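Please read the structure below before turning to the comments.
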Amino acid sequence: MRTLVFLDLDDTLFQSHRKCPQEGVLHPVARLRDGSAHSFMTEKQRAFWEWLGADAPLVPTTARDLDALRRVDLPFESWSILVYGGVLLDPSGAPDPEWLERMRGVSENARADLLNLLERAKSHIQAQRLAARVRLVGEFERPFYFVAKYRDGRDADLAQLDAELIQPWLAAQGGAYRVHRNDNNLAVIPQGVGKEHAVRYLIDHLTHNGDEWLTIGIGDSLIDGAFIAACDYGITPRDTQLFAATFGRPLL
Ligand SMILES: [Mg+2]
Numbered sequence: 069m070r071t072l073v074f075l076d077l078d079d080t081l082f083q084s085h086r087k088c089p090q091e092g093v094l095h096p097v098a099r100l101r102d103g104s105a106h107s108f109m110t111e112k113q114r115a116f117w118e119w120l121g122a123d124a125p126l127v128p129t130t131a132r133d134l135d136a137l138r139r140v141d142l143p144f145e146s147w148s149i150l151v152y153g154g155v156l157l158d159p160s161g162a163p164d165p166e167w168l169e170r171m172r173g174v175s176e177n178a179r180a181d182l183l184n185l186l187e188r189a190k191s192h193i194q195a196q197r198l199a200a201r202v203r204l205v206g207e208f209e210r211p212f213y214f215v216a217k218y219r220d221g222r223d224a225d226l227a228q229l230d231a232e233l234i235q236p237w238l239a240a241q242g243g244a245y246r247v248h249r250n251d252n253n254l255a256v257i258p259q260g261v262g263k264e265h266a267v268r269y270l271i272d273h274l275t276h277n278g279d280e281w282l283t284i285g286i287g288d289s290l291i292d293g294a295f296i297a298a299c300d301y302g303i304t305p306r307d308t309q310l311f312a313a314t315f316g317r318p319l320l
């Protein structure tokens, strides 16, 4: 039986410098647009990566878009799941046509809402002088989700944007969107977009001719729980958001 590993990247396999431990060797693995090193693997993360990849294809399962994935200096040779599942690339790097068509509809349905949220967030940031930046993330000219991040270490500004604008906006959408918050990352995602949808689709696609695959899901965030649950086995690094909500909870 073959094995397939669905692997979240940021904060699972590597992280930005400020989140790295003070001690120990760090290996630069992802760059900013200007080429400067931004994210690093610890020795254990590198050993984990080598162990995982030794005998299974690794499917990056990430919120990154294609440009951001290309700035990760690791060789991915299998399928790729990008922008929270909005894009599925085959091992040659071409978008899966059936998934592309399905996600085109999802993006089209959400486009006006996401643009509305973006404009309102920009106005709110300006009016309240918040140290936050917002944008839509997509691919192939299609927006798939909204993301807000704080700047200059001012995490309270992101919390303010969330409380004053994003939560009321979400409440008005009648459950059509979900929000993901983990540290400096607040994403608003249409319900039709999700890593778990793409993971399930790919597993179905690969098993439809009777092949059996052992699937493993690995991620650090609460939102990753949904795609991990679509796999046979799940792994989460210690001291992450998902770990804290599961294995790391004290026994009652
Ligand atoms: Mg992550």
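Throughout, our numbering is defined as the position within the sequence shown, counted from one, plus 68. A virtual CB, placed ideally from N, CA and C, is assigned to each residue, including glycine. Since we're looking at a predicted model, the values are computed, not measured.
Residue i - containing alpha helix (DSSP H), residue span
| i | result |
| --- | --- |
| Tyr269 | Lys263 to Thr275 |
| Lys217 | First-last for Lys217: Arg210 to Tyr218, but that is the beta strand (DSSP E), not the alpha helix (DSSP H). |
| Phe295 | Gly293 to Ile296 |
| Leu319 | Run containing Leu319: none; DSSP gives neither H nor E here. |
| Arg138 | Leu134 to Arg138 |
| Leu142 | Here Leu142 belongs to no alpha helix (DSSP H), and DSSP marks it neither H nor E. |
| Leu310 | Gln309 to Ala313 |
Helix, strand or coil at residue i [DSSP, three-state]
| i | result |
| --- | --- |
| Glu207 | strand |
| Leu186 | helix |
| Met171 | helix |
| Leu229 | helix |
| Val202 | strand |
| Ser148 | strand |
| Ser191 | helix |
| Arg114 | helix |
| Gln83 | strand |
| Leu238 | helix |
| Ala322 | Because the chain here runs from 69 to 320, residue 322 falls outside it and cannot be looked at. |
| Lys77 | A quick correction: the sequence has Leu, not Lys, at residue 77. Three-state DSSP puts Leu77 in coil, outside helix and strand. |
| Gly221 | coil |
| Gly121 | helix |
| Arg179 | helix |
| Pro89 | coil |
| Pro305 | coil |
Assigned exposure category for residue i - 16 Cβ within 10 Å defines buried
| i | result |
| --- | --- |
| Tyr213 | buried |
| Leu254 | buried |
| Arg306 | exposed |
| Ser148 | buried |
| Leu233 | buried |
| Asp135 | exposed |
Start-to-end residues for the beta strand (DSSP E) that takes in residue i
| i | result |
| --- | --- |
| Phe108 | Ala105 to Thr110 |
| Ala255 | Leu254 to Pro258 |
| Ile157 | One point to set straight first is that residue 157 is Leu, not Ile, in the sequence displayed. That run of the beta strand (DSSP E) goes Val155 to Leu157. |
| Leu126 | Leu126 to Pro128 |
| Arg246 | Tyr245 to Arg249 |
Distance between beta carbons of residue j and residue i, contact taken as under 8 Å
| i | j | result |
| --- | --- | --- |
| Leu137 | Pro128 | 6 Å |
| Ser107 | Val97 | 6 Å |
| Phe295 | Phe74 | 6 Å |
| Val205 | Val151 | 6 Å |
| Ile284 | Ile303 | 7 Å |
| Arg249 | Asp279 | In fact, because the Cβ distance is near 38 Å, the residues do not count as touching under 8 Å. |
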